[in-house]
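Only one structure is covered here, and it is reproduced in the block below.
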Amino acid sequence: MCSCSFSRKRLNLVFIIENPAKPTTFYLLLYKYPLEVSREIEYHSLMTVITRFPPSPTGFMHIGTARTGLFNWLYARRHGGKMLFRIEDTDRSRHSEEAVQAIVNGLNWLGLDWDGDIVSQFSRSDRHAEVAHELVKTGKAYYCYCTPEELEQMRENAKKEGRPTFYDRRWRDAPPSMTPPEGINPVVRIKAPLTGERIVQDKVQGDVKVNAEQLDDFIILRADGTPTYMLAVVVDDHDMGVTHVIRGDDHLNNTFRQNVIYEAMGWDIPTYAHLPLILGPDGAKLSKRHGATSVEEYRDMGYLPEAMRNYLLRLGWSHGDDEIIDQEQALQWFDLENINQGAARFDFDKLNYVNAHYLKLADNDRLADLVIDLYKLRDISVSDIGRARLLARMDELKSRAKTLVQLADDAEFLVHGIPFEFEEKAAAQLNEDGKFIVKIVRDRLSALENFSADELEILCKSIANDHRDGKLGKVMMPLRAAITGKASSPSLVHAMEVLGQEEVSKRIEYALEKFA
RNA sequence: GUCCCCUUCGUCUAGAGGCCUAGGACACAUCCCUUUCACGGAUGCGACACGGGUUCGACUCCCGUAGGGGACGCCA
């Protein structure tokens with residue numbers, strides 16, 4: 013199969029070649045003009061792609077977890093595959109239903125779904141133990157009777173001598189003379205390779221090499237018979253048929269250990285892609301002190317899920333110069349090749365910009381509902397009339413705001429009743445000069461044929477001409493203060509139209525009375 | 001202490017040895033629009049961490065240095 017295309021700078025000849033060694037696998041080759049080099053740009057497999065989303069039940073969904081989830085989801089969906097959902101609750105004490113629910117809620121909010129049931133790692137511990145014992149039987153793993161104190165001592169000594177801080181393998185090939193001490197339940201350790209270069213092939217980081225001397229015989233089964241994380245992930249990923257492991261950079265080192273288990277069991281190693289971490293605005297690891305770290309906090313700050321997805325996607329992944337990438341586009345474009353290798357800082361300015369963009373595109377009814385939800389948190393109840401006003405001005409409102417919270421602030425005067433508060437700058441507008449103008453407006457309001465924005469504007473302009481040298485602002489500012497209680501607002505004449513003559517008059521009377 | 005990874009405008013990034021006088025976006029500044037605040041439009045400011053190689057030619061490849069991040073648990 014061959015296709016040909018022109019890009020800005022080159023002629024592409026694409027050959028899809030079957031790999032005879034793996035009949036279900038195809039390579040996509042790209043030839044650059046002139047035909048000097050060929051480069052494998054993509055690896056397509058006809059096997060179903062299976063990714064996984066394996067959060068720890070921490071009680072909330074970290075923004076980094078969300079991004080990893082998004083990447084896994086996009087990759088699976090892009091390739092017509094599946095994303096599995098597994099709770100990493102090997103440490104059962106951490107497990108709680110609420111914690112799982114929090115993650116599910118986060119995923120739902122982001123609009124990501126998964127295939128099959130949520131798998132609890134804890135529920136599979138028998139299987140994990142079975143694998144551990146099988147490895148002992150085949151001589152790939154062994155029992156170790158060291159106490160935590162002894163291990164601590166080893167680490168200290170190693171550090172002092174400048175060696176890796178590892179277990180010294182004293183039970184690895186224990187001679188028969190070394191009888192197990194009484195009363196100690198052994199752990200199971202795996203036999204890691206002693207020498208040679210170990211390579212992890214990573215889709216993001218490339219080939220990562222480390223000497224076997226840096227790997228120790230890590231524990232796969234604890235003294236109480238429960239599996240460690242290292243064993244559990246490998247067994248579960250294998251049993252669940254995971255083909256692509258897309259996860260945070262912090263697991264890159266673990267990968268060498270996990271591969272030891274894969275090899276000992278003779279299992280296929282999945283394709284790895286390790287994503288760089290998200291840093292806070294100051295370059296340090298994103299943490300609580302940077303403000304929001306969980307997706308629900310971003311929701312509460314007024315960000316739209318589609319904006320969040322777009323922003324998170326662009327944080328570390330790119331498609332040329334494209335910035336606004338909606339879900340549909342992302343599904344067509346997403347790949348592992350264009351993930352950046354360096355960690356990225358979280359930038360609220362950019363998020364705001366992206367959010368403002370999606371706000372403009374969002375459906376008005378949906379936005380009204382979201383804003384009304386926000387008002388509930390402020391103990392403001394919105395009547396049907398209030399909702400209708402919101403809707404009537406939504407096109408303008410959504411074009412101005414960066415977040416739903418801003419939109420809600422902007423629109424609050426449309427839904428609140430009398431009495432209402434005046435902010436300081438608004439109060440200042442209602443001085444003698446201001447009240448003078450407001451009274452003139454009030455007196456001439458009833459003469460309007462239609463209480464419409466156009467006529468209101470004509471009226472205000474004529475008042476400005478008569479009393480303020482044609483300076484419209486001198487009329488609008490005090491009027492705005494009287495009607496909204498604020499010094500800035502969306503288009504006042506349009507807002508007045510929506511509020512209606514009766515409500516406008518009431519508010520003017522209320523303001524004049526208050527600042528009498 | 002040991003090992004691993006990373007490094008292009010303030011930030012996110014484009015860049016696949018000559019297309020680079022390094023492109024885009026956010027932020028910032030100025031101007032325009034304007035009843036306010038925003039939105040929008042235009043223009044501007046602004047970077048290849050440093051030092052060595054390789055090459056006719058390096059942002060791009062290699063090696064060092066510096067800086068940043070990560071991992072070294074009977075946590076996940």
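So in the working numbering the end of the first sequence lands on 528, straight run, no missing numbers.
Glycine included, C-beta positions come from ideal geometry on N, C-alpha and C.
Residue environment, residue i, which counts as buried when at least 16 other CB atoms sit within 10 Å
i	result
Thr-497	The question names Thr, but residue 497 is Gly in the sequence shown. Under this definition Gly-497 is a buried residue.
Gln-270	buried
Glu-110	exposed
Ile-211	exposed
Lys-172	exposed
Met-488	buried
Asn-462	exposed
Ser-130	One detail in the question is off: residue 130 reads as Ile in this sequence, not Ser. Its Cβ having fewer than 16 others within 10 Å, Ile-130 is exposed.
Phe-268	buried
Lys-94	buried
Met-59	exposed
Ala-507	buried
Pro-66	buried
Glu-194	exposed
Ala-7	Outside the displayed span of the chain (13 to 528) sits residue 7, for which this structure offers no information.
Gly-128	exposed
As assigned by DSSP and simplified to three states, the class of residue i
i	result
Pro-205	coil
Trp-329	strand
Asp-236	coil
Ala-285	strand
Leu-151	One detail in the question is off: residue 151 reads as Gly in this sequence, not Leu. If DSSP states are grouped into helix, strand and coil, Gly-151 belongs with coil.
Ser-132	strand
Lys-414	coil
Val-530	Any question about residue 530 goes unanswered here, given that the chain covers just 13 to 528.
Lys-94	strand
Ile-392	coil
Val-199	strand
Closest by C-alpha distance to residue i, when choosing among the options
i	options	result
Glu-408	Phe-134, Ser-395, Met-242 and Ala-423	Ala-423
Arg-106	Trp-121, Phe-72 and Asn-117	Phe-72
Val-148	Ser-108, Ile-231 and Leu-124	Ile-231
Leu-227	Pro-205, Lys-215, Asp-214 and Ala-235	Pro-205
Val-61	Trp-85, Ile-384 and Gly-81	Trp-85
Val-199	Ala-153, Ile-495 and Asp-214	Ala-153
Ile-75	Ala-304, Glu-142 and Pro-187	Ala-304
Arg-454	Gln-441, Gly-429, Gly-482 and Ala-494	Ala-494
Tyr-274	Glu-162, Gly-512 and Asp-251	Asp-251
Gly-482	Thr-63, Ile-449, Ala-355 and Gln-341	Ile-449
Ala-404	Leu-379, Ile-392 and Leu-96	Leu-379
Val-222	Gly-81, Arg-480, Leu-264 and Leu-373	Leu-264
Integer Cβ distance of residue i from residue j, believed to fall under 8 Å
i	j	result
Asp-261	Pro-288	5 Å
Asn-322	Asp-338	7 Å
Ile-196	Thr-240	No, Ile-196 and Thr-240 are not in contact; Cβ-Cβ is about 18 Å, not under 8 Å.
Leu-491	Leu-471	Contact flag wrong, Cβ pair sits at about 10 Å.
Tyr-370	Leu-316	5 Å
Leu-343	Arg-90	6 Å
Val-427	Leu-386	Wrong, their Cβ atoms sit about 11 Å apart, outside the cutoff.
Whole-angstrom distance between residue j and residue i, CA atom to CA atom
i	j	result
Glu-349	Ala-420	40 Å
Met-406	Glu-435	23 Å
Val-247	His-140	6 Å
Ser-132	Phe-425	49 Å
Arg-181	Leu-382	59 Å
Pro-69	Ile-202	27 Å
Lys-518	Val-510	14 Å
Lys-526	Thr-415	32 Å
Asp-101	Phe-134	6 Å
Leu-324	Arg-79	6 Å
Gly-118	Pro-502	33 Å
Thr-191	Cys-156	11 Å
Tyr-522	Lys-410	29 Å
Arg-412	Asn-367	11 Å
Thr-255	Pro-282	5 Å
Tyr-87	Thr-207	36 Å
Leu-460	Gly-398	24 Å
Gly-92	Trp-345	13 Å
Ala-439	Ala-476	21 Å
Val-516	Lys-447	15 Å
Gln-513	Ser-464	9 Å
Leu-402	Ser-306	30 Å
Tyr-445	Ala-499	Here residue 445 is Asp; the residue named in the question, Tyr, does not match the sequence. Using only the alpha carbons, I get a separation of about 16 Å.
Ala-33	Asp-280	With a pLDDT of only 40 at Ala-33, under 50, the local geometry of the prediction cannot be trusted, and the value read off the model is given with reservation. Near 15 Å, if we compare the C-alpha coordinates of Asp-280 and Ala-33.
Leu-233	Ala-224	22 Å
His-331	Asp-185	53 Å
Lys-215	Ser-189	48 Å
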